[in-house]
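Participant:
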Amino acid sequence: MKGQLTGWCRVSAKGREVYSFINALRRKGVRSFGQYCKNQVFYCQVSRRDMEVLRETAQEYHIEITVREVEDFSAGLRRKTKRVGLIIGAFAVLFTSCYFSSVVVTIDIQGNSQVCQEDILAALEDIGIHRGTPFREIDFPQTENKLRLMVDGIARAGMHRTGHRLVVEVTEATPKPDMVLDRIPCNILASKEAEIVRTTVLDGMLMHKVGDYVFAGDLLISGVTTDDTGRTVLHHAMGTIIGKYKEEVSFECEYTLTESVPTGRKYESRVLHILSLDVPIFSGKSKFESAVCESREKPVNFFGAQLPMSLETQTYTEYAEKKVTLDREQAGERLMDKIYLYEKNFLPDTEILSRDIDEEEKENSLRYTVRYTLQGDICDMREIYIK
């Protein structure tokens, strides 16, 4: 181990007075090891610090020597110290390690299920905490209180440091139950012209029976009743009245349309996010007048370890307005898509008993008229105003 630290050389000596040369080295205290003679040549290993004495002795006895420096720790270190780039790189790695250990590299939010993580990060950004913020500048108790007041739905917030990570632990507030106004006197009226097929009354007095035909605005469940003594009692009428009714909806599609369609041209831009610094790594910019942007972000890994940086790629797809000419079959397919969307969005809780479609072709368009027979809740609550 000592030889590895001080360094040593392998020496071969050749000459007539080689044995006198060996004895002279011993007298001068030159330490050597691994000594042996072969074909009138003396081989040994000598410490690097004794090489000057060895060369002087070899010159004195007219000995020809060959020196080869043995690869060891100290020799490699001396050789590498002459490589300026390696030294700069080592200092850069050391500086980077020290810097990343003293600033926020990752913000880890824990305990949130209802509160959006982006809202918490935005609040921390407003407070002045983001990737790259020195830990020494963070006032943890004050930040916890500010975070709790700035973000709705947080009952308590706690923060602590774990290496280069800032861990934010939140406890969400228990949501208040929805207030049901079940004490306000009200009637239930018919919202549509329909035939009653089923009734369920929880409070109030039923005004029509199953099989009756009612018009929009007719009283279905009354919130005003009279007891045996003749006293008027006001109720919050509650119940479900299921009626069968008809509905008519029209959809139209022109044969010649102007639509935005992709041209096939795309443009990509990349941005390297290093802590709070955004470094664009592209030249130029998109010249598309109309485009749809798709963004995807990928963390940067180094030998399996995730670095505090990510690469965001934004892909712009150019769109241009183009006139599209449809035939009757294509227009019909588009109208059926409109009917499907209408039923999905406006009739999700309504049973469709029948659907009749009338087709009408005009000069420049195709029109579908859909006549539905539906069955669903026809109740409309109306408050009773008391003077």
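Per the numbering used here, the very first residue in the sequence shown carries number 427; after that it's consecutive.
We put the CB at the ideal spot given by N, CA and C, even for glycine.
1) For the segment 521 to 580, list the alpha helix (DSSP H) runs that are entirely contained and at least 4 residues long, ordered along the chain.
2) According to DSSP, simplified to helix, strand and coil, what is L761?
3) Going by Cα to Cα distance, which pick from S736, G690 and A731 is closest to P706?
4) On a Cα-Cα basis, can you pick out the residue from K572, I614, S617 and A616 that is closest to V596?
5) Could you compute how far the alpha carbon of E809 sits from the alpha carbon of G630?
6) Would you check if the distance between the CB atom of Y742 and the CB atom of V687 is smaller than 8 Å?
7) Based on DSSP bridge pairs, tell me the residues matched to T741.
8) Of all the options M807, E678, E759 and T532, which has the alpha carbon lying nearest to the alpha carbon of M664?
9) May I ask you to list the residues that DSSP assigns as paired with Y681?
10) Where does N465 fall in DSSP's three states?
11) List the endpoints of the continuous beta strand (DSSP E) containing Y798.
12) May I have the straight-line CA-CA distance separating H699 from G537, to the nearest angstrom?
13) In three-state terms, what does DSSP make of V444?
14) Below 7 Å, is the gap between the Cβ of L773 and the nearest heavy atom of the ligand MG?
15) Give the secondary structure of F728 by DSSP, where H, G and I count as helix, E and B as strand, and everything else as coil.
16) Residues in the same chain with beta-carbon distance under 7 Å from K724, minus the five sequence neighbours each way, listed in chain order, please.
17) Could you tell me the distance, in whole angstroms, from the CA atom of R624 to the CA atom of G579?
18) Quick check on the burial criterion: 16 or more other C-beta atoms within 10 angstroms. Buried or exposed for R557?
19) I'd like to check one pair, R475 with C435: are the Cβ atoms closer than 8 Å?
20) From Q461, L761 and L592, pick the residue whose C-alpha is nearest to that of P560; which is it?
21) Whole angstroms are fine: how far does the CA of H488 sit from the CA of V444?
22) Give the C-beta separation of G649 and H662 to the nearest angstrom, bearing in mind that I take them to be a contact with Cβ-Cβ under 8 Å.
23) How would you label Y794, buried or exposed, when you count the other beta carbons within 10 angstroms and need 16 or more for buried?
24) For V718, is the classification buried or exposed, using 16 other Cβ atoms within 10 angstroms of its Cβ as the cut-off for buried?
Facilitator: On the basis of the supplied data:
1) Here the runs fully enclosed are 543 to 553 and 566 to 576.
2) In the structure shown, L761 sits in a helix (DSSP, three-state: H, G or I).
3) If we check each option's Cα against that of P706, S736 comes out closest.
4) Checking every option, the nearest Cα to that of V596 belongs to K572.
5) 13 Å
6) Not a contact, by the Cβ cut-off of 8 Å.
7) E694 and E720
8) If we check each option's Cα against that of M664, M807 comes out closest.
9) Paired residues: none, contrary to the question.
10) coil
11) S791 to D803
12) 26 Å
13) helix
14) Among the ligands in the structure shown, none appear at all, so the ligand MG cannot be discussed.
15) strand
16) S736 and L737
17) Roughly 42 Å between the two C-alpha positions.
18) buried
19) no
20) L592
21) Using only the alpha carbons, I get a separation of about 9 Å.
22) 6 Å
23) buried
24) exposed
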